[in-house]
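Chemist: Those protein sequences? They're chains F and G, same order as listed.
The first sequence begins at -12 in the numbering used here and counts up by one.
The second sequence begins at -12 in the numbering used here and counts up by one.
Number of protein chains: 2
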Amino acid sequence: MGKYNAKNEASDKFSLRGKVFHKIRDDILSGKYKDNEELKEVAIGEELGVSRTPVREAFRQLELEGLINIIPNKGAYVTGITVKDVKDIYMIRSLLEGLCAKWATENITPEQLEEMEENVYLAEFHATKGHTQQIAELDNRFHEILYEACNSKMLEKQLRDFHDYVLRVRKKTLSENNRGTASNKEHKYILEAIKSGDPLKAEAEANKHVMSAFENMVKNGLYEAYSTE
Amino acid sequence: MGKYNAKNEASDKFSLRGKVFHKIRDDILSGKYKDNEELKEVAIGEELGVSRTPVREAFRQLELEGLINIIPNKGAYVTGITVKDVKDIYMIRSLLEGLCAKWATENITPEQLEEMEENVYLAEFHATKGHTQQIAELDNRFHEILYEACNSKMLEKQLRDFHDYVLRVRKKTLSENNRGTASNKEHKYILEAIKSGDPLKAEAEANKHVMSAFENMVKNGLYEAYSTE
DNA sequence: CCACGTATAATTGTATACAATTATACGTGG
DNA sequence: CCACGTATAATTGTATACAATTATACGTGG
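(1) Can you tell me which residues form a DSSP beta bridge with F:Glu124?
(2) Using C-beta distances below 6 Å, list every residue in its chain close to F:Glu50, excluding the 5 sequence neighbours before and after it, in chain order.
(3) When the Cβ atoms of the region 78 to 88 of chain G are set against those of the region 187 to 199 of chain G, are three or more pairs found closer than 8 Å?
(4) F:Tyr64 bridges to which residues according to DSSP?
(5) Please classify F:Val197 as buried or exposed, where buried requires at least 16 other C-beta atoms within 10 Å of its C-beta.
(6) Determine whether the Cβ of F:Thr40 lies closer than 9 Å to any Cβ atom of chain G.
(7) By the DSSP assignment, the alpha helix (DSSP H) with G:Thr40 in it spans what residues?
(8) Could you name the residues of the same chain whose beta carbon sits closer than 7 Å to that of G:Gln48, not counting the 5 residues immediately before and after it, in chain order?
(9) Distance check for G:Arg43 and F:Lys(-6), CA to CA, integer angstroms please.
(10) Specify the secondary structure class of G:Asn171 as computed by DSSP and reduced to three states.
(11) Using CA coordinates, which residue listed in F:Glu102, F:Thr66, F:Glu135, F:Asp75 is at the minimum distance from F:Glu93?
(12) Quick one: residues in its chain with C-beta nearer than 7 Å to the C-beta of F:Glu104, no 5 flanking neighbours on either side, listed in chain order?
(13) Starting from F:Asp72, trace the alpha helix (DSSP H) both ways and give me its first and last residue.
(14) Starting from the Cα of G:Ile95, find the closest Cα among G:Gly32, G:Leu26, G:Pro186, G:Ile31 and give me that residue.
(15) Taking contact to mean at least 3 C-beta pairs separated by less than 8 Å, is the region 111 to 123 of chain F in contact with the region 137 to 150 of chain F?
(16) Is the shortest distance between the beta-carbon of G:Leu51 and the beta-carbons of chain F less than 9 Å?
(17) Using only CA atoms, which one of G:Arg4, G:Leu26, G:Asp14 lies nearest to G:Val37?
(18) Suppose contacts are defined by Cβ-Cβ distances below 9 Å. Is F:Asn60 in contact with F:Ile122 by that definition?
(19) Over the uninterrupted alpha helix (DSSP H) stretch that includes F:Lys195, give me the two end residues.
(20) Taking DSSP as the reference, what is the three-state secondary structure of G:Asn106?
(21) In whole angstroms, what separates the C-alpha of F:Gly18 from that of F:Ile11?
(22) Using CA coordinates, which residue listed in F:Gly53, F:Leu142, F:Glu131 is at the minimum distance from G:Glu80?
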C-alpha cells in the first residue's frame, strides 16, 4: 500500500501532467483564482510552458476532485473551497478518523505501532522547542500511519484526499497558539487506546481530536483567510 | 446544486471522453477486466472507435477514482473492487448517510420533503406489486434527495461517489428476497424522523438502514458475484 | 544451449493540426 | 440609437504526428 502510493506520487512528480495538476490544485486551494473564474487551456499551458494536452488531462482530474466545473465546449470554472466546505470536511473527517482509529486498533502492525510511538515521543520534544516545521511533518505522518494501519484501501484513500484538501489550513493552525502541544497530547490518547486494544476508545479519541482541531480553528478565525468565501 | 450536477452528467453523456470514462468504469466494476490487467490506450480506442486522446483523459479520471493504477511510461493497470472494499464502503456509508440524514433534518426544503413523501408512498405500491425496476429507481432517488437535502456540497459528492460505486450490487440486492419492502420501510423511518425534526433519530435510522442493507447482502452472499476477488 | 547485448517493435508522453462549437465584433436597417 | 444577423475570432474537442521510453525479438559468442 505504501509502495503503491509512492509510485503514484512519483508519477505525479515526474510527468508534466502531474506537475500541472498539482500547480493548479494548489493555486485553487490557496485562493489564487477567484470563485467561478474561467481557466483557459492555452493561457495556463503558456504560463507553465507546456502544450494543451497535459493541461487538459489535469483539468479532467480537477473536475473529478470537484475543484473545477467543466461545461462542455464552453470552459472550466473554478469551484473553489468555501468556509462551509472546510467545516463540513472536518465533520466528515471526525467520523471517518474515528472509524479509522477503530479499525487500526484491530489491524495495526508492530512496526506501525512502533513508528507511532516514536512519532508522538519526538513530537513532544519539538513542541516544547517550538519547531513548527517538524511538528507539522510529524502531525501529517501520525495521520498517515493511522490511515495505513486501518487496513482499508477505501478508507485510506478517502482520508488522504480530505487531509490534502485542508492541509494548508491545518499547517497554519498547528503553528499558532500552542495547538501543536494540545494536538500531540490527543495523538497520545489515540495511541494509548490503540495499544490497550480498545477500539471504541480509539474511535472516540480520534473523533474528539478532529473536532478539537476544528474548534481551535474556528476560535482563532484562522480558516477564513484560506477560503474563497 | 441539482442543476450543477445535471450539467456534469450532460457533459459525461455527450463527449467522447465521458462515454469512454463510463464504459471503462462500468467494465471494471462489472468485472470484465481482471485484477491487474493492463489497459492499453490504442486497443481501447479502437474498440470504441475513438482516438487515444479521449481514452487518455478517461484514464486520468479513473486513476483518481482509484480504479486503475497508472505507472508512468509503462501502463495502466486495473485495481478493481474487492469484497472487502464493498464491505468497507458500506461501513463508511453507514456513518456518512447518518450524518447526511442529520443535516437534512435541519436543511430540507418543503419541496424536497414532499418529493420524499411521494417517493416512499409510491415505492410502497411498487413493492407490493414486485416492480423491481421502479423500486430500484425510487430507491436511488430517495438517497439522491437525501444527499441534496443535507445542504453540503462535500458530503453530497462523497455519498454520490460511493453510491455509484456499489450501484450494481445494490440493484441486485433490492430485486431479491423482499429487501425492497424492508428497505422502503426503513426509508419511511428516516423520513418520519426528519419530519418530526429529530436529527439524532434521523441519523440513527440512516445508520441502521445502510447496515441492514449490508447485512442483507452478506446473508444472501450476493455480493461475491460482483467483486473481483 | 543459453546468457547477453543490440536492434526492432510497441507503448506512452507531449505537441500540434484541424474540426466543431461558442464568444465577440461590427455593420446595417429601422 | 439599438436590435438583430452575420462575419470573425477565440476556445474547446478530437485526431494525429513525433519524441521518449519500455518491451520484445533475435542473433551471436562462448
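Each residue gets a CB set at the ideal place from its N, CA and C atoms; glycine is no exception.
Modeler: Looking at the atomic coordinates:
(1) F:Glu124 pairs with nothing; no bridge assigned.
(2) Ile57
(3) Counting Cβ pairs under 8 Å, three or more are found: they touch.
(4) F:Glu25, F:Asn56
(5) buried
(6) yes
(7) 39 to 51
(8) Phe8
(9) Low per-residue confidence applies at F:Lys(-6): pLDDT is 36, beneath 50, and the placement is therefore not dependable, though the value from the model is reported in the following sentence. Straight-line Cα distance between these residues: approximately 19 Å.
(10) helix
(11) F:Glu135
(12) Result list for F:Glu104: Leu178, in chain order.
(13) 70 to 94
(14) Ranking the options by Cα distance to G:Ile95, first place goes to G:Pro186.
(15) no
(16) For G:Leu51, the answer is yes, since a Cβ of chain F falls inside 9 Å of its Cβ.
(17) G:Arg4
(18) No, they are not a contact pair.
(19) 186 to 207
(20) helix
(21) Their backbone Cα atoms lie some 10 Å apart in a straight line.
(22) Residue 80 of chain G is actually Arg in this sequence, not Glu. Among F:Gly53, F:Leu142, F:Glu131, the Cα nearest to that of G:Arg80 belongs to F:Leu142.
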